[in-house]
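The numbering of the sequence shown is my numbering, which starts it at 277 and goes up by one.
Backbone N, C-alpha and C fix where the C-beta goes; we use that ideal spot for every residue, glycine too.
Below is one structure; the comments refer to it alone.
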Amino acid sequence: NYIAISRDDVFVQLANPAFDAATFEIWGALTQGASLVLPHSNMVLEAEEIEAVLTDHQVSVLFLTRALFDSVYSDSPDMFGALKYLMVGGEALTPSIMNRLVSQSVRPQHILNGYGPTESTTFTTTYECQLSEGSVPIGQPINGRQVYV
277 NYIAISRDDV
287 FVQLANPAFD
297 AATFEIWGAL
307 TQGASLVLPH
317 SNMVLEAEEI
327 EAVLTDHQVS
337 VLFLTRALFD
347 SVYSDSPDMF
357 GALKYLMVGG
367 EALTPSIMNR
377 LVSQSVRPQH
387 ILNGYGPTES
397 TTFTTTYECQ
407 LSEGSVPIGQ
417 PINGRQVYV
């Protein structure tokens, strides 16, 4: 209920296969009939190389950890503009950076905060990012689930 994938979508697997985010990248694409790009194994996770993969393969769905997102966004803030979905998670999002992205004219169609402990397999809650004066909310539970804090 937080993302609508079609056969026209293209994911890229940037997460280490041992990291739970890889389950979203791999199975999110394959179970929905979308394409999955596997970059070369010696790819350096820096803005220039990520931007090249996004452009060359017309990636439409991307997940990045908050730390990696903050780093590459500061180097190339427009690189995410062609995305249908940008999901950022793994730790609390940086409000000032997310506010800048949300305010840009060149930006993804949907910018999501994906929150969840590893034990819940990638995401437990999601939030479509908007301008915020404080911390970025973690959102609502996915797929009719309940969350207890």
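Between ASN389 and GLY365, the CB-CB gap stays under 8 Å.
Cβ-Cβ distances below 8 Å link VAL313 to VAL286, PHE287, VAL288, GLN289, VAL329, HIS333 and VAL335 in the same chain, with the five nearest sequence neighbours on each side left out; the list follows chain order. Only exposed fits GLY410, as fewer than 16 other CB atoms lie within 10 angstroms of its CB. TYR424 sits in coil when the DSSP states are folded into three classes, being neither helix nor strand. For ASN389, the enclosing beta strand (DSSP E) has its first and last residue at 386 to 391.
Look at SER379 here: in three-state DSSP terms it is helix. Taking 8 Å as the upper bound for CB-CB distance, CYS405 and MET374 are in contact here, some 5 Å apart. The three-state reading of DSSP puts GLU367 in coil, since its state is none of H, G, I, E or B. Under the three-state reduction of DSSP output, GLU301 falls in the helix class. In this structure PHE345 does not touch GLU301 by the C-beta definition: roughly 15 Å separates them, more than the 8 Å allowed.
SER352 carries a coil assignment under DSSP once its states are collapsed to helix, strand and coil. The straight-line gap separating the alpha-carbon atoms of PHE399 and ILE418 is approximately 8 Å. Taking a contact as a CB-CB distance under 8 Å, the pair VAL382 and GLY415 does not count as one, their CB atoms being some 24 Å apart. For the 8 Å CB-CB criterion, THR397 and THR331 do not form a contact.
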